[in-house]
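*Asks:* Take this structure first; my questions come after.
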Amino acid sequence: MSSHDHTTETADRSDVLIVGAGLAGLFIALKLSPRPVTVLASQSIGNGASSSWAQGGMAVAVQPGDTADAHAADTIAAGAGIVDAKIAHMLAEEGPARVQDLLELGVPFDTDESGALKAGLEAAHSAKRIIHVKGDQVGHAIMEALIAQVRATPSIRVVENMTAYELALAGKRVSGVYACSSAGGGASTLFPAGATILATGGVGGLYKVTTNPPSNRGQGFAMAARAGAILADPEFVQFHPTAIAADIDPAPLLTEALRGDGAHLVNADGHRFMPAIHPQAELAPRDVVARAIAGEIRAGRVPHLDVRPLGLDKAGVGAAFPTLMHNCEKLGIDPAVDPIPVAPAVHYHMGGIAVDGVGRTSLDGLWACGEVASTGAHGANRLASNSLLEAVVFGARIADDLRDRILPEPHSICAARLPVPTGGSHAEEGLAQLRELVALEAGVVRDEAGLVRLLDALTALQHDGQLAHALPNSLLAARIIAAAALARAESRGGHFREDFPVADDALAHRSFFTLSEIEAMIATRTHVVSLSAVAKEAVS
Ligand code: SIN
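Residue numbers in the sequence shown follow our numbering, run continuously in steps of one, and reach 544 at the last position.
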């Protein structure tokens, strides 16, 4: 390390720098080997990554009778009219080869007596195609296998406990990141790189109730926005219908595989409410189920997930769903006997940094993968268990795109524009306030008045110099989501506007914005989805 100026150190140059150590980041690092890469992890490797917490599984058409076309068709149908069909087909077609990669990396997917992959059902899938590890432990098992491989791969350098807060630019080219100790404060470190890949995860931590690691607050998304990247579909945030309603942060997830296996949603008097709402009842698309549950809660009824239709005793539930049992036991609930109280929780961001079919963003030198990217595969509502799949399909494509690419030496890098973010009790209080506000006004049900209130409140928080300094990326990510939600004057998938409760055919397209377009929209309160053809073309 050498000294750059009074407050900035410069780390050794990386050929390829991957920011984020979840499934997307580690898979790319392994796929690129032996090309040298640096992985920047905000915690110790594997911690703080949503991937490690994934329960449902990975969707892939491997069962006899199932096809990639059927998988793509379900993905397109769930996405409520705005999925990029080409990308959906690509995911479904390339999925089986990526599962083979994971098997070769040591992921112990569940198999039957004949050694074939076992697959279960989840909402809005027309076939059993969700592959698991030990019931609900897929994320943990995948990450354990990948971490072991990463540790044994000499071409991968891992730097832990460092959080990137700003993209480093050389002219217009992204040439690394500025990062600081995840403990907050201290010096800024410039990590110069020939290519930079953001794999920083989603935005769940911007909301008070989330199934994600709360530290995932849209940092990569905001960093790319500030550098001028084109963003896509920020308004589409997915609420998982069934987190345990127990006022725990983060909210424990009840995997959708439970409903796939026959669990029912009931209200306090044991009445199933989903059959009256959708022909697929508990297996309706996730946004439909989440709104139904939110409606029950608003009507003062407490919705519950009843696992008893699975016909399992306590030991059986524990064997089939160990994570569920662990979470229920901590709360004194016996799921074999008692229905579990549930509420929706923020689970996934369909929006993100716009990328093309090989994960390239609109900025030179910058790729994005995993939840921080918006590929167009998920449209307005992601099909269950397509997120791990997307991370590995695009991870492999990014590795192919970079494998033999000659990367420029980073030089003439501009100084960081932001001061090093600092923590402290004021920042913590500000963050709690932010999470409360975003959950209240940009939740399952939104309207113009609430979103305008949210934007005004976020502007006020940004004017608090200490908070702006401590939480620049969280504040910006929340602002972009609120503005995009205000701009989309219709309801579609995960974005439901009480003041515009039906889908508008004229708006059946993705939204693409740059930060300056967002700021112009906020300034003029233009309630129109941007059709920025220039922006769209740049990433297609
Ligand atoms: C779940 O287990 O219900 C989550 C699966 C997913 O988010 O795809």
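Where is the CB? At the ideal position from N, CA and C, for every residue including glycine.
Closer than 6 Å by C-beta to D508: which residues in its own chain qualify, once you throw out the five before and the five after it? Chain order, please.
*Replies:* If you number the sequence shown from 1, residue 508 lands on position 504. Excluding positions up to five away in sequence, the list reads E494.
*Asks:* For the candidate residues A464, S192 and L109, whose alpha-carbon lies nearest to that of G434?
*Replies:* Position 430 of the sequence shown, counted from the start, is the residue given in the question as residue 434. Checked all of A464, S192 and L109; the closest Cα to G434 is A464.
*Asks:* Can G205 be considered in contact with ligand 1, in the sense that its beta carbon sits closer than 7 Å to one or more heavy atoms?
*Replies:* On the sequence shown, residue 205 is found 201 positions in, with the first residue counted as 1. No; taking the cut-off as 7 Å, the Cβ of G205 has no heavy atom of ligand 1 nearer than that.
*Asks:* When the Cα atoms are used, what is the spatial distance from S56 to Q141?
*Replies:* If you number the sequence shown from 1, residue 56 lands on position 52. If you number the sequence shown from 1, residue 141 lands on position 137. So the alpha carbons of these two residues sit roughly 9 Å apart.
*Asks:* Thinking L611 and L455 are a contact (beta carbons under 8 Å), I'd like their distance in whole angstroms, please.
*Replies:* A question about residue 611 goes unanswered here, because the residues of the chain that appear run from 5 up to 544.
*Asks:* Is the separation between the beta-carbon of E440 and that of G264 shorter than 8 Å?
*Replies:* Working through the sequence shown from its first residue, we reach residue 440 at position 436. Working through the sequence shown from its first residue, we reach residue 264 at position 260. Annotated as distal: E440 and G264, with beta-carbon spacing of 8 Å or more.
*Asks:* Can you grab the Cα-Cα spacing for the pair E502 / A294, in whole Å?
*Replies:* For the purposes of this step, residue 502 is taken as residue 498 along the sequence shown, with counting starting at 1. For the purposes of this step, residue 294 is taken as residue 290 along the sequence shown, with counting starting at 1. Near 15 Å, if we compare the C-alpha coordinates of A294 and E502.
*Asks:* Name, in chain order, the residues that DSSP records as bridge partners for R501.
*Replies:* Here residue 501 refers to the residue found at position 497 when the sequence shown is read from its first residue. Paired residues: R450 and F504.
*Asks:* Please classify P307 as buried or exposed, where buried requires at least 16 other C-beta atoms within 10 Å of its C-beta.
*Replies:* Locating residue 307 in the sequence shown gives position 303, counting from the first residue. With 16 or more Cβ atoms within 10 Å of its Cβ, P307 is classed as buried.
*Asks:* Keeping to the same chain, check which residues put their C-beta closer than 7 Å to that of N331; ignore five residues upstream and five downstream.
*Replies:* By 1-based counting over the sequence shown, the position of residue 331 is 327. Same-chain partners within the cutoff: I248 and P256.
*Asks:* Between I22 and P238, is the Cβ-Cβ spacing less than 8 Å?
*Replies:* Here residue 22 refers to the residue found at position 18 when the sequence shown is read from its first residue. Here residue 238 refers to the residue found at position 234 when the sequence shown is read from its first residue. Judged by their CB atoms, I22 and P238 are not nearer to each other than the 8 Å cut-off.
*Asks:* Near G29, which residues of its chain fall below 7 Å by C-beta distance, leaving aside the five closest residues on each side in sequence?
*Replies:* Here residue 29 refers to the residue found at position 25 when the sequence shown is read from its first residue. The answer, listed in chain order, is I22, V43 and A203.
*Asks:* Are the beta-carbon atoms belonging to M227 and T193 less than 8 Å from one another?
*Replies:* Your numbering for residue 227 matches position 223 in the sequence shown. Your numbering for residue 193 matches position 189 in the sequence shown. No, these two residues do not count as a Cβ contact at 8 Å.
*Asks:* Let me make sure I understand the geometry here. Which of V87, T12 and V442 has the alpha-carbon closest to that of L479?
*Replies:* One-based indexing of the sequence shown puts residue 479 at position 475. Comparing Cα positions, the closest option is V442.
*Asks:* Out of Y352, L309, D405 and G380, which has the shortest C-alpha to C-alpha gap to R364?
*Replies:* As a first step, residue 364 must be located in the sequence shown, where it is residue number 360. Comparing Cα-Cα distances from R364 to each of Y352, L309, D405 and G380, the minimum goes to D405.
*Asks:* Please determine, among P217, G205, A381 and S186, the residue with the shortest C-alpha to C-alpha distance to E349.
*Replies:* Stepping through the sequence shown from its first residue, residue 349 is reached at position 345. Note that residue 349 is Ala in the sequence shown here, rather than Glu. Checked all of P217, G205, A381 and S186; the closest Cα to A349 is P217.
*Asks:* Can you list, in chain order, the residues of its chain whose CB lies under 6 Å from that of H430, leaving out five sequence neighbours each side?
*Replies:* The residue given as residue 430 occupies position 426 in the sequence shown. Excluding the 5 residues flanking it on each side, H430 has same chain C-beta neighbours closer than 6 Å at Q470, in chain order.
*Asks:* Between the C-alpha atoms of F243 and S416, what's the straight-line distance to the nearest angstrom?
*Replies:* Reading the sequence shown from its first residue, position 239 is the one you call residue 243. Reading the sequence shown from its first residue, position 412 is the one you call residue 416. The C-alpha of F243 lies about 43 Å from the C-alpha of S416.
*Asks:* So is the beta-carbon of S55 under 7 Å away from any non-hydrogen atom of ligand 1?
*Replies:* As a position in the sequence shown, residue 55 is number 51, starting the count at 1. No, the Cβ of S55 stays beyond 7 Å of every heavy atom of ligand 1.
*Asks:* What is the DSSP secondary structure of T545, counted as helix, strand or coil?
*Replies:* In the structure as shown, the chain begins at 5 and stops at 544. Residue 545 is therefore absent and cannot be evaluated.
*Asks:* Please name the residue, chosen from E333, H351, Y352 and M94, that lies closest to I344 on a Cα-to-Cα basis.
*Replies:* Taking the first residue of the sequence shown as position 1, residue 344 is located at position 340. Comparing alpha carbon positions, the residue from E333, H351, Y352 and M94 closest to I344 is E333.
*Asks:* Straight-line CA distance for R161 to P40?
*Replies:* Within the sequence shown, the letter at position 157 stands for residue 161. Within the sequence shown, the letter at position 36 stands for residue 40. Note on geometry: alpha-carbon atoms of R161 and P40 lie some 8 Å from one another.
*Asks:* So which of T528, A236, I522 and D116 has the shortest CA-CA distance to M354?
*Replies:* In the sequence shown, counting from the first residue as 1, residue 354 sits at position 350. Comparing Cα-Cα distances from M354 to each of T528, A236, I522 and D116, the minimum goes to A236.
*Asks:* Whether or not the segment 98 to 105 and the segment 64 to 75 are in contact is what I'm after, with contact meaning three or more pairs of Cβ atoms, one per stretch, closer than 8 Å; do they touch?
*Replies:* Three or more Cβ pairs drawn from the segment 64 to 75 and the segment 98 to 105 lie within less than 8 Å of each other, which places the two stretches in contact.
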